[in-house]
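Enquirer: 1 is the number of the first residue of the sequence shown in UniProt numbering; add one for each residue after it.
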Amino acid sequence: MTDIVKLDVGGTVFKTSKSTLTKFDGFFRTMFETPIPITKDESGAIFIDRDPKHFRLILNFMRDGHVDLPNVSEDVKEIQKEAQYYLLEGLVELCQKHQKPDELEYPDKFRYITSDEEMFDLTYMPKKPVIVFFGPMQSDGAIPYPASVNLLEFQKNYASKIDIFIRLGNDKGWYFKGYANGRTFFKDSKYDGNIMYLEVVEEMVRKMISSRN
């Protein structure tokens, strides 16, 4: 019975075993295997100042190494945040895989190409299909964004399938090129003015992906 541990998580009490809490590297193994101070409540339970909403699921993951995640994306994001706090890398990865591409949090909105050398390195025989959006930057630094393609939405929808880059320069309007298997797709896809059609871009993406199958 000495293996039983009582936890007070944000005012809600949970009981589990020490072996469950120390099964994986992380917050609890560090707590029990190093001489760090442990805060306890008035009943003697170990106090953890976190929201208890998803802690039962956290415990189930520590017991079995796997858990069924809910289909609500906001809940999965909350669980991922708790998993990061408890240093459970396996659960963090599970949450990331469970989310759709447009639900993932990217560190930056866009990736930019700033030199010819970088352009060559990124587009010559890439391991993953690459699309580069070329856009105009005016002398005052203003950027007229493409009217018919929402670049952020495009990235969210396709970032799991292709690598997406932006290169700003002296062009009059937006255009794009795709690169896969040593080929340049739609190399003449340059449009005058501020017109770049989403359906044309998506058609190119499908061709690039199918060329790798």
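Using N, Cα and C, we set each Cβ at its ideal position, and we do this for glycine too.
Enumerated in chain order, which unbroken segments of the beta strand (DSSP E) with a length of 3 residues or greater are wholly contained in the UniProt domain "BTB" (3 to 71)?
Expert: Entirely contained in the UniProt domain "BTB" (3 to 71), the beta strand (DSSP E) runs reaching 3 residues are, in chain order, 4 to 9, 12 to 17 and 46 to 48.
Enquirer: Do you know offhand how far residue 172's Cα is from residue 99's?
Expert: Locating residue 172 in the sequence shown gives position 172, where the first residue counts as 1. Locating residue 99 in the sequence shown gives position 99, where the first residue counts as 1. Using only the alpha carbons, I get a separation of about 38 Å.
Enquirer: Can you round the beta-carbon distance between residue 205 and residue 113 to whole angstroms, since I take them to be within the 8 Å contact cut?
Expert: Counting from one through the sequence shown, the residue named residue 205 turns up at place 205. Counting from one through the sequence shown, the residue named residue 113 turns up at place 113. Residue 205 to residue 113, Cβ: 18 Å. No contact.
Enquirer: For residue 177, report the span of its beta strand (DSSP E) as first-last.
Expert: One-based indexing of the sequence shown puts residue 177 at position 177. It spans 175 to 180 - the beta strand (DSSP E) in which residue 177 sits, taken as one unbroken run.
Enquirer: Alpha carbon to alpha carbon, what distance is there between residue 149 and residue 141?
Expert: Sequence index remark: in the sequence shown, residue 141 carries index 141 (1-based). Sequence index remark: in the sequence shown, residue 149 carries index 149 (1-based). Each residue's alpha carbon lies about 21 Å from the other.
Enquirer: Rounded to whole angstroms, how far is the Cβ of residue 45 from the Cβ of residue 76, which I believe are closer than 8 Å?
Expert: Along the sequence shown, one-based indexing puts residue 45 at 45. Along the sequence shown, one-based indexing puts residue 76 at 76. Not a contact, Cβ separation roughly 28 Å.
Enquirer: Give every residue of the same chain whose Cβ lies closer than 7 Å to the Cβ of residue 122, excluding the five residues on either side of it in the sequence, and list them in chain order.
Expert: As a first step, residue 122 is located in the sequence shown; it is residue number 122 there, counting from the start. Within the same chain, residue 122 has close Cβ partners 113, 130 and 165.
Enquirer: My parser needs the beta strand (DSSP E) runs of 3 or more residues fully inside the stretch 90 to 175; what are they?
Expert: Counting whole runs of 3 or more residues, the stretch 90 to 175 contains the beta strand (DSSP E) stretches 130 to 136 and 163 to 169.
Enquirer: Can you confirm whether the stretch 51 to 68 touches the stretch 81 to 94 when touching is taken to mean that 3 or more C-beta pairs between the two stretches lie within less than 8 Å?
Expert: They touch, by the three-pair rule.
Enquirer: Please return the same chain residues whose Cβ sits closer than 7 Å to the Cβ of residue 198, not counting the five positions on each side in sequence.
Expert: Start at 1 with the first residue of the sequence shown, and residue 198 comes out as number 198. Contacts found: 148 and 149.
Enquirer: Please say whether residue 50 and residue 10 have beta carbons closer to each other than 8 Å?
Expert: As a first step, residue 10 is located in the sequence shown; it is residue number 10 there, counting from the start. As a first step, residue 50 is located in the sequence shown; it is residue number 50 there, counting from the start. Yes, these two residues count as a Cβ contact at 8 Å.
Enquirer: For residue 95, which option in 72, 17 and 31 has the closest C-alpha, if you only look at C-alpha atoms?
Expert: Taking the sequence shown and counting its residues from 1, the one referred to as residue 95 is at position 95. Here the closest residue by C-alpha is 72.
Enquirer: State buried or exposed for residue 145, treating a residue as buried only when at least 16 other CB atoms are found within 10 Å of its CB.
Expert: Indexing the sequence shown from 1 puts residue 145 at position 145. Exposed, since its Cβ has fewer than 16 Cβ neighbours within 10 Å.
Enquirer: For residue 87, which residues from the same chain have a beta carbon less than 8 Å from its beta carbon, with the 5 sequence-adjacent residues on both sides left out?
Expert: To locate residue 87, count along the sequence shown from 1; it is residue 87. Counting only Cβ-Cβ distances below 8 Å, and skipping sequence neighbours, we find 25, 26, 27 and 30.
Enquirer: Just confirm the distance between the C-beta atoms of residue 215 and residue 134, as a whole number of angstroms; I'd bet it's less than 8 Å.
Expert: Not covered by the structure: residue 215. The range shown for the chain is 1 to 213.
Enquirer: Along the alpha helix (DSSP H) that carries residue 85, what are the first and last residues, could you check?
Expert: Taking the first residue of the sequence shown as position 1, residue 85 is located at position 85. Here the alpha helix (DSSP H) through residue 85 covers 73 to 85.
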